[in-house]
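So the sequence shown is numbered by my numbering: it starts at 529 and just counts up by one. The beta carbon of each residue, even a glycine, is placed where N, CA and C say it ideally should be. Note that the structure is predicted; figures quoted are calculated from it, not measured. A short write-up of the structure that comes next.
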Amino acid sequence: MPGWTLDDMPRLDDRTAVVTGGSAGLGYRSALELACRGARVLLTSRSEARARAAAGAILADLPGARVEGLALDLTDPAGIERFAGRVSARTRRLDVLLNNAAAVGLAALQRTPLGHEMHIATNHYGHFLVTGHLLPLLVATPGARVVTVTSAAYLAGAIDLDDLDWRKRPYNGSKAYSDSKLANLLFARELQSRLDAAGASALSLAAHPGMTATGSQRPVGIGGALARLLFPPVEAGVRPQLRAATDPAAEKLDFYGPRFGLRGAPRRIRMRGNAGSDALARHLWDVTAEITDFRYAGRPARPPRR
Ligand SMILES: NC(=O)c1ccc[n+]([C@@H]2O[C@H](COP(=O)([O-])OP(=O)(O)OC[C@H]3O[C@@H](n4cnc5c(N)ncnc54)[C@H](OP(=O)(O)O)[C@@H]3O)[C@@H](O)[C@H]2O)c1
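Here it is, written out as structure tokens:
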């Protein structure tokens, strides 16, 4: 059986999607494929000019596409709030939030202006905040989906709840990335519990692309050109996240990855190791809420009985 392909994506004419990190790599291609099926797409980059250029490139390929580029820096909480305001001013529905952007394999320790370690801040805290600020739109949209993009590297990750920001441990770039990718899966897990508790119909799903020849593979050590030769192309790497975003048969907490681990057609896979822990997911959520000083709106309190 050939498995799920991009030809299996349904039409998305009345749908709206936000793609974080849509200026390059898997995010750009995802935005293009969503727009190609008729979705209205808001894609992001840290630079408004890069976001607009990416939207312009999609429009050049697909005249008439409904696509717009907006600035979003996931390490800037105030900017995230402004971004959510701009999204809410443009649309009353949000069918797909594709949490795709990432900092990848930074060899030397980098800190955000707020002092957080760059991988966990970009990949986890930032998406925690974006999703939280966009939650009213997601909850108002029947069957909305939040797709969080992780990596098979999550298997090498660990969550040190006392030191998420690498202040006490000697820094290790690939470990910091792996930890943040495990955090992505735990976030997706607890998000679904919160959506369920709030009575929302929204689904939280996760996906990993396997190895894909994008710019982020430069730090892998074998160089960008060789990576492009050896790794599957971007149009293969986007399949798991696009399946999670659009397959009508997808269910809550589905996790899609390539059939043969790092390549192959996207299929439903199991979250392994600590990624399957509800208790760790809850604990990470609480620590993240403390660090980011952001609380998701809970289930509305019942009015007191007279
Ligand atoms: N490629 C692979 O083989 C592979 C393997 C496993 C998992 N993944 C995952 O797939 C996703 C996409 O990876 P990719 O290979 O497509 O990466 P990429 O080509 O490096 O693109 C990364 C995107 O993230 C954005 N970004 C980076 N830092 C940001 C920040 N602080 N705030 C907002 N946006 C930021 C970048 O936008 P600007 O630079 O324009 O701001 C860019 O659009 C990531 O979640 C990654 O972990 C990829």
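Check: Taking the DSSP output, what are the residues bridged to T544?
Finding: If you number the sequence shown from 1, residue 544 lands on position 16. Paired residues: R568.
Margin query: Given this structure, state the Cα-to-Cα distance separating N802 from H652, to the nearest angstrom.
Written below: Your numbering for residue 802 matches position 274 in the sequence shown. Your numbering for residue 652 matches position 124 in the sequence shown. Using only the alpha carbons, I get a separation of about 16 Å.
Note to self: Just to confirm, is the Cβ distance from D707 to G685 under 9 Å?
What the structure shows: Taking the sequence shown and counting its residues from 1, the one referred to as residue 707 is at position 179. Taking the sequence shown and counting its residues from 1, the one referred to as residue 685 is at position 157. Result yes, Cβ atoms of D707 and G685 sit closer than 9 Å.
Margin query: Taking a contact to mean a Cβ-Cβ separation below 9 Å, would you say L554 touches T676 in this structure?
Written below: Here residue 554 corresponds to residue number 26 of the sequence shown, with the count starting at 1. Here residue 676 corresponds to residue number 148 of the sequence shown, with the count starting at 1. Against a cut-off of 9 Å, the Cβ pair of T676 and L554 comes out as no contact.
Check: Three-state secondary structure (DSSP) at A734?
Finding: Sequence index remark: in the sequence shown, residue 734 carries index 206 (1-based). A734 falls in the strand class under three-state DSSP.
Check: Which ranges would you report for the alpha helix (DSSP H) in the stretch 577-657 if only whole runs of at least 4 residues count?
Finding: 605-618
Check: Cα-Cα, which of Y682, A680, A681 and L665 is closest to V674?
Finding: For the purposes of this step, residue 674 is taken as residue 146 along the sequence shown, with counting starting at 1. Selected option, being the one with the closest Cα: L665.
Next item on the list: Take R796 and list the residues in its own chain whose beta-carbon comes closer than 8 Å to its own, dropping the five residues that flank it on each side.
Entry: As a position in the sequence shown, residue 796 is number 268, starting the count at 1. Same-chain partners within the cutoff: D782, F783 and Y784.
Next item on the list: Reducing DSSP to helix, strand and coil, say where V526 ends up.
Entry: This structure cannot settle anything about residue 526, because the visible part of the chain is limited to 529 through 834.
Notebook entry, point to check: What are the boundary residues of the alpha helix (DSSP H) that includes T820?
Noted result: On the sequence shown, position 292 is the one that residue 820 refers to. Taken as a continuous stretch (DSSP letters only), the alpha helix (DSSP H) holding T820 covers D806 to T820.
Check: Closer than 8 Å: is that where the CB of A681 sits relative to any heavy atom of ligand 1?
Finding: In the sequence shown, residue 681 corresponds to position 153, counting from 1. Yes, the beta carbon of A681 sits closer than 8 Å to at least one heavy atom of ligand 1.
Note to self: Let's see if you can read the secondary structure: which residues bound the beta strand (DSSP E) around G785?
What the structure shows: In the sequence shown, counting from the first residue as 1, residue 785 sits at position 257. Start and end: F783 to P786.
Margin query: My assumption, with CB atoms under 8 Å, is that T544 sits in contact with T619. Please give the rounded CB distance.
Written below: Along the sequence shown, read from residue 1 onward, the residue named residue 544 stands at position 16. Along the sequence shown, read from residue 1 onward, the residue named residue 619 stands at position 91. Their Cβ separation, rounded to whole angstroms, is 5 Å, which keeps T544 and T619 in contact under 8 Å.
Check: Does the separation of the CB atoms of I608 and L600 fall below 9 Å?
Finding: Translated into positions along the sequence shown, residue 608 becomes position 80. Translated into positions along the sequence shown, residue 600 becomes position 72. Yes, the Cβ-Cβ distance between I608 and L600 is below 9 Å.
Item checked: Burial state of P605 (16 or more Cβ within 10 Å) -> Sequence index remark: in the sequence shown, residue 605 carries index 77 (1-based). Buried, since its Cβ has 16 or more Cβ neighbours within 10 Å.
Item checked: Expected contact under 8 Å - CB spacing of A582 and S551 to nearest Å -> Here the question's residue 582 lines up with position 54 in the sequence shown. Here the question's residue 551 lines up with position 23 in the sequence shown. That pair is a contact at about 5 Å.
Next item on the list: Report the three-state DSSP secondary structure of R833 (helix, strand or coil).
Entry: Within the sequence shown, residue 833 is the residue found at index 305, counting from 1. Residue placement at R833 is poorly supported in this model, since its pLDDT is 41, which falls under 50; the coordinates still yield a value, given next. R833 falls in the coil class under three-state DSSP.
Check: Is T676 helix, strand or coil by DSSP?
Finding: Here residue 676 corresponds to residue number 148 of the sequence shown, with the count starting at 1. DSSP places T676 in strand when its eight states are reduced to three.
Check: Just how far apart, CA to CA, sit S805 and S575?
Finding: Stepping through the sequence shown from its first residue, residue 805 is reached at position 277. Stepping through the sequence shown from its first residue, residue 575 is reached at position 47. Cα-Cα distance, rounded: 36 Å.
Note to self: Which of the three DSSP states is assigned to S721 in this structure?
What the structure shows: On the sequence shown, residue 721 is found 193 positions in, with the first residue counted as 1. Helix, per DSSP.
Margin query: Just to confirm my understanding: we take F759, look at its own chain, exclude 5 residues before and 5 after, and list those with CB closer than 7 Å. What are they?
Written below: As a working note, residue 759 is residue 231 in the sequence shown. So the qualifying residues of the chain are M739, T740, A741 and Q745.
Notebook entry, point to check: Among the residues of its own chain, which have a CB less than 7 Å from the CB of G567, if the five just before and after it don't count?
Noted result: By 1-based counting over the sequence shown, the position of residue 567 is 39. Before going on, a small fix: residue 567 reads as Ala here, not Gly. Here the set comprises L540, R543, T544 and A545.
Check: Counting Cβ pairs closer than 8 Å, one from the stretch 712-720 and one from the stretch 806-816, do we hit at least three?
Finding: yes
Item checked: A825 at chain B interface by Cβ criterion, 9 Å -> No chain B appears in this structure, which consists of one protein chain only.
Check: Would you call the CB atoms of T603 and H644 closer than 9 Å?
Finding: As a first step, residue 603 is located in the sequence shown; it is residue number 75 there, counting from the start. As a first step, residue 644 is located in the sequence shown; it is residue number 116 there, counting from the start. Yes, these two residues count as a Cβ contact at 9 Å.
Check: In this structure, does DSSP put G749 in helix, strand or coil?
Finding: Residue mapping note: residue 749 aligns to position 221 of the sequence shown, counting from 1. Caution is warranted here: a pLDDT of 49 is assigned to G749, below 50, making its placement in the model unreliable, and no coordinate value can be reported.
Notebook entry, point to check: Which term fits P709, buried or exposed, when burial requires 16 or more other beta carbons within 10 angstroms of its beta carbon?
Noted result: As a first step, residue 709 is located in the sequence shown; it is residue number 181 there, counting from the start. Per the sequence shown, the amino acid found at residue 709 is Lys instead of Pro. Buried is the call here.
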